[in-house]
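Q: For the sequence shown, my numbering gives the first residue as 1, with consecutive numbering after it.
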Amino acid sequence: MAEEPGTTPGSDGTTVDECENMIRRSFRTPMVKFLREHMEKAGCAVGENFLKSVNCDKKIAGGYVRGEGIMVCSNHMNTQDDVNQVVIHELIHAYDDCRAANLDWADCAHHACSEIRAGHLSGDCHYKRELLRGYMKLRGHEQMEVGVLLKCTPLEFSAAGHRVLSLKSL
Numbered sequence: 001m002a003e004e005p006g007t008t009p010g011s012d013g014t015t016v017d018e019c020e021n022m023i024r025r026s027f028r029t030p031m032v033k034f035l036r037e038h039m040e041k042a043g044c045a046v047g048e049n050f051l052k053s054v055n056c057d058k059k060i061a062g063g064y065v066r067g068e069g070i071m072v073c074s075n076h077m078n079t080q081d082d083v084n085q086v087v088i089h090e091l092i093h094a095y096d097d098c099r100a101a102n103l104d105w106a107d108c109a110h111h112a113c114s115e116i117r118a119g120h121l122s123g124d125c126h127y128k129r130e131l132l133r134g135y136m137k138l139r140g141h142e143q144m145e146v147g148v149l150l151k152c153t154p155l156e157f158s159a160a161g162h163r164v165l166s167l168k169s170l
């Protein structure tokens with residue numbers, strides 16, 4: 001079996017072209033197929049240009065931007081599984097954006113809710129993945145992770161957390 005591009009420990013990820021190929025391969029995975037199909041059914045087109053490979057200055061794996069699509073940071077991807085996870089996670093954000101008429105990404109509660117959904121539905125929060133990342137705690141890291149991602153003030157984050165938790169109990 002051939003080694004995947006950029007799998008050397010300590011490497012700086014893959015090239016943009018290698019990552020583009022991995023994005024195309026991710027389209028064959030069941031979860032990506034499912035998400036793309038349901039976005040299309042919801043009236044949100046997910047063409048070939050919706051997902052792009054780019055080099056990123058920040059230490060992020062990728063992102064979704066309303067009206068622009070999904071970017072995957074090639075220089076932070078080392079395996080096909082890395083790319084698959086980012087594509088799935090960001091497609092969940094895109095689906096949320098497509099389906100929720102009043103989604104406000106600047107609202108910490110809205111963003112936190114989408115991050116929690118994407119983390120759980122994509123498998124990012126699976127305990128094996130967390131252990132591989134070095135998270136040894138069984139509780140609490142999710143709250144810290146969402147707070148860091150959103151860059152909310154502690155007061156905003158606390159209020160958003162309470163609002164998101166109260167929504168779960170409905």
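Every residue, glycine too, gets a C-beta built ideally from N, C-alpha and C. This one's a predicted model, so the numbers in the text were calculated from it and none came from an experiment.
How would you write the range of the beta strand (DSSP E) that Q53 sits in, first residue to last?
A: Gln is not the amino acid found at residue 53; the sequence shown has Ser there. Bounds of the beta strand (DSSP E) holding S53 are L51 to V54.
Q: Looking at the unbroken beta strand (DSSP E) that takes in M77, where does it start and where does it end?
A: It is not in any beta strand (DSSP E) - M77 carries neither H nor E in the DSSP assignment.
Q: Is the CB-CB distance between L35 and I88 below 8 Å?
A: yes
Q: Cβ of T29 within 8 Å of Cβ of N75?
A: no
Q: Suppose the cutoff is 8 Å on Cβ atoms and the five residues either side in sequence are ignored; what does the same chain contact list for C173 look like?
A: The structure shown does not extend to residue 173, since the chain is modelled only from 1 through 170, so no value can be given for it.
Q: Residues in the same chain with beta-carbon distance under 6 Å from D107, minus the five sequence neighbours each way, listed in chain order, please.
A: none
Q: Buried or exposed: S169, going by 16 or more other Cβ atoms within 10 Å of its Cβ?
A: Per-residue confidence for S169 stands at a pLDDT of 36, beneath the threshold of 50, marking its modelled position as unreliable; the derived number appears in the next sentence. Exposed, by the Cβ-count rule.
Q: Output the boundary residues of the beta strand (DSSP E) element that contains C44.
A: Segment: none, C44 is in no beta strand (DSSP E) and carries neither H nor E.
Q: Taking the DSSP output, what are the residues bridged to I70?
A: L51 and Y64
Q: When we look at the beta-carbon of I60 and count the other beta-carbons within 10 Å, is it buried (16 or more) or exposed?
A: exposed
Q: On the three-state DSSP scale, how would you describe G123?
A: coil
Q: For the ligand COA, any of its heavy atoms closer than 7 Å to the Cβ of L103?
A: You won't find the ligand COA in this model; it holds no ligand whatsoever.
Q: With a threshold of 16 other CB atoms inside 10 Å of the CB of A101, please say whether the residue is buried or exposed.
A: exposed
Q: Is N102 helix, strand or coil when you go by DSSP?
A: coil
Q: Which residue comes first and which comes last in the alpha helix (DSSP H) that contains D17?
A: V16 to S26
Q: Is V72 closer than 8 Å to G62 when the C-beta atoms are compared?
A: For G62 and V72, yes; Cβs fall inside 8 Å.
Q: Could you pull out every residue in the same chain whose Cβ sits closer than 6 Å to the Cβ of A118, ignoring the five residues on either side in sequence?
A: H89, I92 and H93
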